[in-house]
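In numbering that gives the first Met the number 0, the protein residues as written are 0 to 255. Okay, so here's the structure we're looking at.
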Amino acid sequence: MSETLSESLQKPQVMQKPQTVLTGDWALFLDIDGTLLEHAEHPDAVSVSGELRSLLESLDHKLNGALAFITGRSVAAVDHLFQPLKLRAAGLYGLEHRLLPDDDVEVADEPEDIAALADEIEAEFGRGQVYIERKGRVLAIHTRAAPHLLPRATQLVEQALAVLPKGYRVVAGNAGVELLPLEAAKGAAIRRFMDIAPFTGRRPVFLGDDTSDENGFETVNDAGGISIRVKPPAQTTAQYGLAGVAETLAWLRGQL
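Below you can see the structure in the form of structure tokens.
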């Protein structure tokens with residue numbers, strides 16, 4: 000089965016549409032922004048179609064529940080975006096987990112030092128072209144509307160890292176920069192799901208599009224699974240690539 004799946008995908012340098020391959024032996028992990036949905040200048044400026052909800056619900060049913068979102072969004076934000084559909088999810092890069100669709104989610108408050116940093120960055124950039132997203136223990140600075148401000152935003156976060164308590168790291172993305180705790184990692188989130196039913200004993204497949212997904216790709220590779228990066232750069236730990244969101248959705252529809 001693994002050979003069929005490998006043959007149906009392609010290395011990032013060769014963009015070729017994959018074939019239908021997933022069966023009940025696989026567990027599917029999905030990033031959201033840039034993978035299932037096109038990026039927008041503001042995280043709240045995206046919407047989910049009924050067709051996408053139906054697709055995800057059908058995939059979840061086919062895999063007997065072995066499907067989970069692995070995202071930088073909070074689980075509450077995911078639920079709001081996909082309502083009324085609720086799936087298993089790891090939010091804030093694994094700082095939040097909902098292991099069952101109807102489980103409660105433990106939400107961490109925003110630490111005072113992160114709140115102060117967010118205030119400082121907002122004071123410099125204002126509330127115009129740069130969007131400061133406060134996500135509890137995670138701080139995201141979105142510069143998609145003003146790419147020229149990304150270097151300065153990155154500099155501010157890196158300077159803050161030097162004076163914050165130990166245990167934080169900086170992750171630069173496609174159109175922004177984030178400050179997050181060291182334990183916030185998509186790979187760890189995937190491993191946690193793989194330790195419980197219905198994921199246990201299956202082979203993981205993870206689709207993502209950004210630097211923060213690379214840790215998840217490594218975890219899936221180590222587990223003998225399949226890693227797929229959407230719009231892959233020249234350097235990625237993902238085994239395969241898809242050209243964009245449209246091709247990703249087409250590939251997922253092909254699994255039914």
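All residues carry an ideal CB built from backbone N, CA and C; glycine is no exception. Every value quoted in this text rests on a predicted model; they were computed, and no experiment measured them.
**Asked** Considering only the beta carbon of each residue, do Gly240 and Ile225 sit closer than 8 Å?
**Response** The answer is no: Cβ separation not under 8 Å.
**Request:** Give every residue of the same chain whose Cβ lies closer than 7 Å to the Cβ of Met14, excluding the five residues on either side of it in the sequence, and list them in chain order.
**Result:** Residue placement at Met14 cannot be trusted, given a pLDDT of 39 that sits under 50; what the coordinates show is reported in the next sentence. Cβ neighbours of Met14 beyond the five flanking positions: Gly240 and Ala242.
**Request:** Return the first residue and the last residue of the alpha helix (DSSP H) that Lys85 is part of.
**Result:** Annotation: Lys85 is outside any alpha helix (DSSP H) and is labelled neither H nor E by DSSP.
**Nearest residue (CA-CA) to Asp118, options Asp102, Asp103, Ile140 and Val104** = Here the closest residue by C-alpha is Ile140.
**Item:** Beta-carbon proximity of Gly215 to Gly223, cut-off 8 Å
**Value:** No, the Cβ-Cβ distance between Gly215 and Gly223 is not below 8 Å.
**Message:** Rounded to whole angstroms, what is the Cα-Cα separation between Leu51 and Leu91?
**Reply:** Their Cα atoms are separated by approximately 22 Å.
**Item:** Neighbourhood of Val219 by C-beta, 6 Å cutoff - its chain only, sequence neighbours within 5 removed
**Value:** Listed in chain order, the non-local C-beta contacts of Val219 below 6 Å within the same chain comprise Pro203, Phe205 and Ser226, local neighbours out to five positions each way being set aside.
**Message:** Using CA atoms only, rank isn't needed, just tell me which of Leu58, Gly172, Glu111 and Ala171 is closest to Phe28.
**Reply:** If we check each option's Cα against that of Phe28, Leu58 comes out closest.
**Asked** CA-CA distance, Leu149 and Ser53?
**Response** Computed Cα separation, rounded: 36 Å.
**Asked** What first and last residue would you give for the beta strand (DSSP E) that runs through Phe198?
**Response** For Phe198, there is no enclosing beta strand (DSSP E), since its DSSP letter is neither H nor E.
**For Glu246 and Arg252, the rounded distance between their alpha carbons** = When rounded, the distance between both Cα atoms is 10 Å.
**Item:** Closest Cα partner of Arg72 within the set Ala184, Thr235, Phe192 and Val162
**Value:** It is Ala184.
**Prompt:** Just reading off the beta strand (DSSP E) that Ser226 is part of, what are its end residues?
**Reply:** Start and end: Ile225 to Val229.
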